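Notes for the one structure printed next.
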Amino acid sequence: MIKYLALDEADRMLDMGFEPQIRKIVQQMDMPPPGVRQTMLFSATFPKEIQRLASDFLSGYIFLAVGRVGSSTDLIVQRVEFVLESDKRSHLMDLLHAQKANGVHGKQALTLVFVETKKGADSLEHWLCMNGFPATTIHGDRTQQEREYALRSFKSGQTPILVATDVAARGLDIPHVAHVVNFDLPNDIDDYVHRIGRTGRAGKSGLATAFFNEGNSSLARPLADLMQEANQEVPAWLSRYAAARSSYGGGKNRRGGGRFGGRDFRRDSFNRGGGGGGGDYYAGGGGGGGGGGYGFPSSGYGGGAGGAGGGGYGGASVTSAWD
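Read in order, the letters of the sequence shown are residues 1 to 323 in full-length UniProt numbering.
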């Protein structure tokens, strides 16, 4: 008989439309009822949809939130740079040259570069290799064996640059990733949080650089809000983009209660007679910051200031519930 049921990456499964399949497995197949089995549900974000699953599948569940749900840890220094689409490759090259010069013991820090398409990943990998920067790729068209080989090559430092689509944004714990580059920014701020969470893990510091241009203007407001929450320096030009989007009614105001969810909605219902947003969960935040230039904080290759706490799932926070 089944004694334990674990639902990991629950928010991702819902995003992909798997709620009917999840409910069929839990409610219609030969699954012991709540109270007989122990159920654990893990999610990096905890919106109302996830909490409804928790209330349906768990009996008198315990709600646990670690960190600021849906936000980024202040162990990650975030930098956003305005880069035209046509200049992205040359700008990435400049970053990598600066990074190589600051390497420790001649070893280049591990760098994870996110792009939006599989074709773009292969093209950028080829271009990097042709220009003297050993790189490999992970995306949906690579076989499991090819992905595992690429990960081993990346972790060992044989190819210290990994070009990836969002297939690498979740579920991978790669130690010593010093730098995450959003070569192509995602369309959704959730995905940005997951991507940069590949660095700054388990108490280590990290650097996240994003290439922003006019094609990403819809992300300006939530990105500026996210950086403010993590005590990061928000460029003046990004604030202007965010203000312009707000004036035209575009973008999401995360403080108004976005998709992430960071409270137990049972408590909200008890206190206020119903659900409700509320941004008090995002209030405060520890100090952070970091120096200028492209020096790298402590990332397993030495150097930089340490930093306590943090880490964990997604490099920022994890929410879970179990009975």
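For each residue, glycine too, the CB sits at the ideal point set by N, CA and C. Treat the numbers as computed from the prediction; the structure is a model and nothing was measured.
Give the range of the alpha helix (DSSP H) segment to which residue i is assigned.
| i | result |
| --- | --- |
| A135 | No alpha helix (DSSP H) contains A135, which is instead part of the beta strand (DSSP E) from A135 to I138. |
| E125 | K118 to M130 |
| F154 | Q144 to S156 |
| A98 | K88 to A101 |
| F57 | K48 to F57 |
| A220 | A220 to E229 |
| A10 | A10 to D15 |
| E19 | E19 to R23 |
Might you give, ordered along the chain, the residues of its own chain that have their beta carbon closer than 7 Å to the beta carbon of residue i, omitting 5 neighbours on each side?
| i | result |
| --- | --- |
| G35 | S59 |
| T136 | E125, A150, S153, F154, T159 and L162 |
| V234 | A224, M227 and Q228 |
Just the C-alpha distance for residue i and residue j, rounded to the nearest angstrom, thanks.
| i | j | result |
| --- | --- | --- |
| H179 | I2 | 42 Å |
| R52 | A169 | 25 Å |
| I62 | M93 | 48 Å |
| A224 | D74 | 14 Å |
| residue 328 | L110 | Residue 328 lies beyond the range of the chain shown here (1 to 323); nothing can be said about it. |
| R240 | Q145 | 46 Å |
| D11 | A101 | 40 Å |
| residue 324 | T45 | Past the boundaries of the shown model lies residue 324; the chain is included only from 1 to 323, so the question cannot be answered. |
| D191 | P222 | 12 Å |
| A121 | L96 | 17 Å |
| R37 | G17 | 25 Å |
| K118 | R142 | 9 Å |
| A230 | Q28 | 43 Å |
| R147 | A164 | 10 Å |
| D15 | Q99 | 36 Å |
| R195 | D30 | 37 Å |
| P33 | L7 | 15 Å |
| G246 | L238 | Before going on, a small fix: residue 246 reads as Ser here, not Gly. Going by the C-alpha atoms only, they are around 12 Å apart. |
| T199 | H91 | 21 Å |
| A236 | P20 | 45 Å |
| residue 325 | K88 | Look at the range of the chain in this structure, 1 to 323, and you will see that residue 325 is not part of it. |
| V80 | N216 | 12 Å |
| P134 | S123 | 13 Å |
| A244 | I50 | 33 Å |
For residue i and residue j, which I take to be in contact (beta-carbon distance under 8 Å), what is that distance rounded to the nearest angstrom?
| i | j | result |
| --- | --- | --- |
| A54 | L41 | 6 Å |
| H139 | V167 | 6 Å |
| I25 | M13 | The pair is not a contact, with the Cβ atoms about 11 Å apart (cut-off 8 Å). |
Suppose the cutoff is 6 Å on Cβ atoms and the five residues either side in sequence are ignored; what does the same chain contact list for residue i look like?
| i | result |
| --- | --- |
| E116 | D184 |
| G286 | Caution applies to G286, whose pLDDT of 37 falls short of 50 and renders its modelled position unreliable; the model cannot decide the point. |
| E9 | none |
| V181 | V113 and T209 |
| A242 | A220, R221 and A224 |
| S43 | A10, D11, I50 and T319 |
Would you give the residue range spanned by the beta strand (DSSP E) that residue i belongs to?
| i | result |
| --- | --- |
| Y192 | Unbroken run through Y192 is the alpha helix (DSSP H), I189 to I196; no beta strand (DSSP E). |
| residue 324 | A question about residue 324 goes unanswered here, because the residues of the chain that appear run from 1 up to 323. |
| Y4 | Y4 to L7 |
| K180 | The displayed chain sequence assigns Val, not Lys, to residue 180. V177 to N182 is the span of the beta strand (DSSP E), which, as asked, contains V180. |
| V113 | L110 to F114 |
| A208 | G206 to F212 |
| A164 | I161 to A164 |
| S43 | Q38 to S43 |
- Item | Three CB pairs or more closer than 8 Å across the stretch 184–193 and the stretch 207–214 | In short, these stretches touch, since the Cβ pair count reaches three.
- Task: Evaluate the contact criterion for the stretch 118–133 versus the stretch 168–176: three or more CB pairs, one atom per stretch, below 8 Å.
- Result: The stretch 118–133, when compared against the stretch 168–176, does not touch it at the 8 Å Cβ threshold.
- Between the stretch 83–92 and the stretch 188–207, do at least 3 Cβ pairs fall closer than 8 Å? The stretch 83–92, when compared against the stretch 188–207, does not touch it at the 8 Å Cβ threshold.
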